[in-house]
Amino acid sequence: MASSDLIGWFTDIGLVDRPTVGGKGGSLGELERAGITVPPGFVVRTAAFESFIDTLEQDAPLRARVESLRADDLEEITKLSAMLRARVEAADLPQALREALRAAHAALCADDPQGPVAVRSSATTEDAEDASFAGLQDTYLWVKGAAAVERQLRACWASLYSVPSMAYRRKQGLPEAGVAMAVVVQKMVDARTAGVMFTRSPTTGDRSVIVIEGAWGLGSAVVSGEVTPDRFVVGKITGEITVRELRDKHVQHVPLPEGGTAEVETPAELRNEPCLSDGELMQLRAVARRIERHYGRPQDIEWAIDRQQQVLILQSRPETVWSVKEAAPVAAPKDNPLQHVMAVFGGKR
Amino acid sequence: MQGFPLPSSLKVVPGTERAQAAYPYYMQFGPGDDERFWFYNSMHFPEPMCAFDSVTGEAAYCALGAANTRVHCLPTTKGIDQRIINGRVYIGGVGVTDPEEVRERTEEFMQRAFYYYENWETLYAKWKDKMRALIADAQQLPKLDLPKYDPIANVRAGRGIASNHDLLDTYQKTLEGYFRMWHHHFEFLLLGYGAYMTFFAFCKKAFPEISDQTIARMVAGMEAEIFKPDEELRRLAHCAVQLGVEAPFQDGASVDDVLASLRDMGPQGHKWLAELETSRHPWFNVNVGDGFYHYHRSWNDDLSLPFSALPNYIRQIQGGQNLERPVAQLIEERNQLAADYRELLDTDADRAAFDQMLGLAHRVFPYVEGHKFYCEHWYTNLFFNKIREFGALLTAHGVFSREDDVFHLTHYELKSAIIDLMQSWSAGSPPRGVAHWPALIAERRTAIVAWAANDTPPALGPVPAIIDDPAIVMLWGITRESLDAWLTAESGEPSNELKGFAASRGVVEGTARVVKSVDEISRLREGDILVCQVTNPTWSPIFSKIAAAVSDIGGSMSHAAIVAREYGLPAVVGTGTATRRIRDGQRIRVDGGRGIVTLLD
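Chains as they are written, first to last, in my numbering: chain A, 1 to 349; chain B, 350 to 950.
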């Protein structure tokens with residue numbers, strides 16, 4: 001199915017499209033196009049959001065109301081937030097958008113119209129990666145059916161009118177005309193195991209290892225910190241598994257039949273078992289290396305392994321802790337290379 | 350201050366006092382030694398030293414110390430002092446602490462060591478020539494003989510020197526050659542290790558989580574002599590299959606039976622025997638230990654060890670396995686590994702420094718890996734076999750009851766026994782040694798058994814705040830951290846884990862075979878985990894049988910580690926206490942990637 005100005009399929013978009021598909025959407029498209037297996041999906045572009053808000057504006061002003069808020073008037077912000085969120089969540093989608101969304105959803109879930117998808121906000125501004133904009137990182141898992149997708153799409157948009165989100169924009173003095181949000185709609189992975197991995201050790205900054213953390217079930221349990229994941233350190237180049245820390249993974253996130261997810265206790269016999277085999281660690285390592293190569297810099301990656309043992313990538317972001325530090329050379333080259341041995345023979349005193 | 354027992358608190362095992370007194374005065378602990386730090390050199394000398402075998406310590410430390418103290422002039426360290434108690438060799442480094450002396454020595458070092466580095470290839474080629482000449486000299490020493498009458502040919506040639514003098518001449522040349530060989534051994538060694546350590550330290554800094562063995566793999570030479578004996582064995586297995594003479598090679602068959610069968614097999618059998626001779630000289634001059642004990646016989650002296658590996662190799666070939674070492678591929682893999690790590694470095698400056706250090710490490714490595722074959726194996730075999738000849742001669746003259754009695758005399762005492770024999774032959778009367786030596790030898794044999802059963806501390810004396818002796822760090826892998834681990838183990842804290850150097854990756858569970866001497870090798874069964882004081886590369890055929898290896902001492906650069914990696918066998922070396930803490934038959938898990946051994950029951 002072809003992309004349009006409202007819908008962008010992962011296969012058609014990349015990082016350069018970030019202004020219209022957001023960071024998350026652009027990254028997933030970029031991965032897909034780099035040959036990395038990501039759950040298939042599309043992005044509801046920012047133009048869709050804009051057309052939706054334009055429709056709302058016809059009934060009553062919206063952007064101007066926000067812009068009139070004082071950043072420190074929390075009471076007023078709270079009142080307006082409740083009102084605007086209700087409007088966004090209740091309003092119908094414009095006809096063209098509604099049709100485009102239904103068609104895209106039908107194409108994505110051709111095998112099963114009730115097939116579960118994830119609906120995830122995909123913010124467009126760099127600032128959105130800031131923790132203060134956390135409200136924009138809404139993700140709805142295991143959403144079933146076109147109507148539910150529409151509902152969660154609006155919920156994502158509505159999060160732009162949350163109290164912290166609006167307060168932040170007012171504090172920064174950002175114009176409302178520039179506020180937009182793309183939303184990712186993506187097939188859900190029925191994850192047997194999921195987690196995160198870092199192509200640079202978060203603890204030592206070592207670029208030659210990949211640190212993999214994972215637990216049973218959906219990755220949300222790991223990302224939200226509700227379970228202590230197993231932790232493995234794998235040589236990026238050698239494949240050597242140098243650390244295996246197995247933890248008591250007492251809970252896991254699982255999908256509910258009626259849609260949505262729940263936290264349940266992990267079956268006793270699995271709690272302390274490794275959630276990844278050596279073979280799977282090697283598969284993850286291979287994917288991590290390809291992603292890092294593609295971007296040319298260390299990455300933090302979310303991954304899942306489904307019930308068919310397929311490895312899927314849900315997200316990849318540039319690593320930011322170590323990479324921003326000024327990389328001091330380990331040792332400078334010497335005019336006479338032999339001078340290097342003095343580091344060993346010269347003594348520590 | 351935290352520390353190990355003082356030397357003065359270490360007692361000679363009761364009843365072995367006279368055997369202890371046999372070692373020269375300069376090897377006995379004495380006043381002043383309590384103030385220094387000593388450690389048990391169980392890497393090189395894992396078993397109690399017979400009186401004669403202790404010559405290796407003398408010769409080796411004479412040469413090591415000379416190179417460090419006076420030839421290359423290492424800035425912060427001089428040589429190694431040694432002491433023997435209960436047959437155990439303790440050694441201690443002599444550091445340089447005066448900054449002025451360090452400065453002066455640094456200047457000397459940079460002139461001397463840098464000359465070696467700059468001319469490494471030329472000097473190493475020269476070294477091989479010197480070693481081959483030294484080996485040829487040793488091979489040409491006359492066979493020992495005290496004939497009833499001096500040969501008539503000598504009379505006619507007007508030689509003027511009788512046969513008994515040849516004994517003294519040959520003995521002195523034998524001893525002199527051994528001391529000389531050790532000088533050659535240390536001519537390059539520390540400089541080679543130092544260049545390697547430089548690269549090693551760089552990698553550890555650039556990649557804090559890199560394993561020791563990965564660094565070693567980036568540097569490893571692929572055609573070192575140390576791999577040759579085992580390669581020859583695989584070649585012979587291949588020949589046997591090609592020639593269709595594999596039938597006699599059965600597990601448990603005696604060497605004599607196999608050889609006799611081959612002789613009876615006509616031309617094909619003879620062809621294989623000819624191939625065997627080609628391999629044996631020189632490649633079977635490899636001994637079943639590190640070469641430091643007279644009873645570490647060479648494959649040439651005892652074919653049973655190499656032959657015990659042949660049936661297995663033949664089966665593998667028949668099963669379609671290719672046993673050849675893919676050298677070109679191994680080199681390609683090594684270079685790719687280094688290139689991949691280089692790519693991960695953050696700056697161009699780092700990549701340039703990496704290239705410089707790796708380049709130097711590659712240049713020095715052929716010596717680091719190759720010297721052992723010439724020194725510890727080939728030459729040492731010749732040396733101990735010559736001494737064995739003296740043992741046979743003295744046995745023939747009734748002084749000893751068996752030829753290896755000779756190894757229970759110090760080299761001084763042996764000289765006296767030889768002169769006694771020379772006098773006896775000249776006088777025409779029996780040697781006085783007949784009445785002198787047997788009782789002493791019996792006493793010393795008993796002492797060796799008692800000492801072997803006696804646990805000895807891994808170190809003695811106060812622990813130094815820092816270990817700043819590159820020789821000790823490089824050769825013995827001893828660091829402040831490893832000493833702390835030993836101290837913890839000594840304090841008897843209960844733990845089911847032993848930590849050591851991660852020498853070769855992989856995780857294996859199995860039955861531990863605690864092998865305290867080379868004689869016990871035959872107890873190892875397929876799939877056992879070898880637990881020994883020092884793993885040894887020339888036990889290679891054993892490596893194809895065992896599932897993993899654990900040793901008390903050794904660094905990630907020990908030959909054990911190199912060969913374990915070559916065999917893809919998990920290995921943890923330098924645990925300090927494995928042979929004491931692990932019971933024979935106990936189930937253990939070896940995690941060679943993390944350097945941890947877990948006791949499972």
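The beta-carbon is built from N, C-alpha and C at its ideal position, and this holds for glycine as well.
Euclidean distance between Cα positions of residue i and residue j
i: H421/B; j: D447/B; result: 18 Å
i: T20/A; j: R45/A; result: 5 Å
i: G570/B; j: Q685/B; result: 14 Å
i: H746/B; j: F528/B; result: 28 Å
i: D138/A; j: R120/A; result: 6 Å
i: A128/A; j: F52/A; result: Residue placement at A128/A is poorly supported in this model, since its pLDDT is 43, which falls under 50; the coordinates still yield a value, given next. Computed Cα separation, rounded: 21 Å.
i: P675/B; j: G669/B; result: 16 Å
i: T837/B; j: Y465/B; result: 41 Å
i: A851/B; j: I559/B; result: 11 Å
i: A808/B; j: L413/B; result: 21 Å
i: A784/B; j: E762/B; result: 15 Å
i: H393/B; j: C411/B; result: 16 Å
i: T744/B; j: A820/B; result: 41 Å
Cross-chain neighbours of residue i in chain B, by beta carbon under 8 Å
i: D206/A; result: F556, P557, E558 and I559
i: S277/A; result: None at all; the shortest Cβ gap to chain B is about 13 Å.
i: K334/A; result: A702 and Q705
i: P337/A; result: Q705, M706, G708 and L709
i: G23/A; result: Per Cβ cutoff of 8 Å: no residues; G23/A is ~25 Å from chain B at best.
Partners in chain B for residue i, counting only beta-carbon separations shorter than 7 Å
i: E75/A; result: The contacting residues do not exist; E75/A stays about 50 Å from chain B at best.
i: I291/A; result: By Cβ distance, chain B contributes nothing, its closest Cβ being about 15 Å from I291/A, past 7 Å.
CB contact check: residue i to chain A, cutoff 8 Å
i: G638/B; result: no
i: F463/B; result: yes
i: L472/B; result: no
i: T418/B; result: no
i: T947/B; result: no
i: T679/B; result: In the sequence as displayed, the identity of residue 679/B is Leu instead of Thr. No, no contact with chain A.
i: R854/B; result: yes
i: R938/B; result: no
i: T729/B; result: no
i: D447/B; result: no
i: F458/B; result: yes
i: Y466/B; result: yes
i: Y439/B; result: no
Which listed residue (the options) has its alpha carbon closest to that of residue i
i: A64/A; options: G23/A, S224/A, K144/A and G173/A; result: G173/A
i: T320/A; options: L97/A, V149/A and S201/A; result: S201/A
i: F401/B; options: F386/B, D383/B, A487/B and Y372/B; result: Y372/B
i: Y723/B; options: A485/B, L652/B, L582/B and A544/B; result: A485/B
i: Q95/A; options: L6/A, G26/A and M282/A; result: L6/A
i: P811/B; options: V362/B, F386/B and G381/B; result: F386/B
i: P274/A; options: G195/A, S220/A and I313/A; result: G195/A
i: A304/A; options: E30/A, R18/A, T37/A and E32/A; result: T37/A
i: A48/A; options: W157/A, V344/A and L74/A; result: W157/A
i: G239/A; options: Y690/B, H726/B, A799/B and D950/B; result: Y690/B
Per-residue contacts from residue i into chain B (C-beta, under 9 Å)
i: V196/A; result: None at all; the shortest Cβ gap to chain B is about 18 Å.
i: H340/A; result: A544, T547, F548, F551, A702, Q705, M706 and L709
i: I13/A; result: Going along chain B, no residue has its Cβ under 9 Å from I13/A, so there is no contact; the nearest lies around 29 Å.
Neighbour list for residue i in chain A, Cβ cutoff strictly below 7 Å
i: M546/B; result: V344
i: P819/B; result: V344 and F345
i: A698/B; result: P329, A332 and P333
Chain-ordered chain A contacts of residue i [CB-CB under 8 Å]
i: L423/B; result: F345
Residue-chain proximity (residue i, chain B), Cβ-Cβ < 8 Å
i: A331/A; result: yes
i: S201/A; result: yes
i: A134/A; result: Unreliable positioning characterises A134/A in this predicted model, as indicated by a pLDDT of 41, which lies under 50. The coordinate reading is nonetheless provided below. It does not; no Cβ of chain B falls within 8 Å.
i: I212/A; result: no
i: G235/A; result: yes
i: E99/A; result: no
i: D127/A; result: Bear in mind that the predicted position of D127/A carries a pLDDT of just 45, short of 50, making it unreliable; the figure below should be weighed with that in mind. Output row for D127/A: interface = no.
(message) Is it the case that the region 88-101 of chain A contacts the region 138-151 of chain A, given that we only count it when at least three CB pairs across the two stretches are under 8 Å?
(response) Yes, the region 138-151 of chain A touches the region 88-101 of chain A.
(message) Pairs of beta-carbons, one from the region 461-477 of chain B and one from the region 326-343 of chain A, closer than 8 Å: are there three or more?
(response) yes
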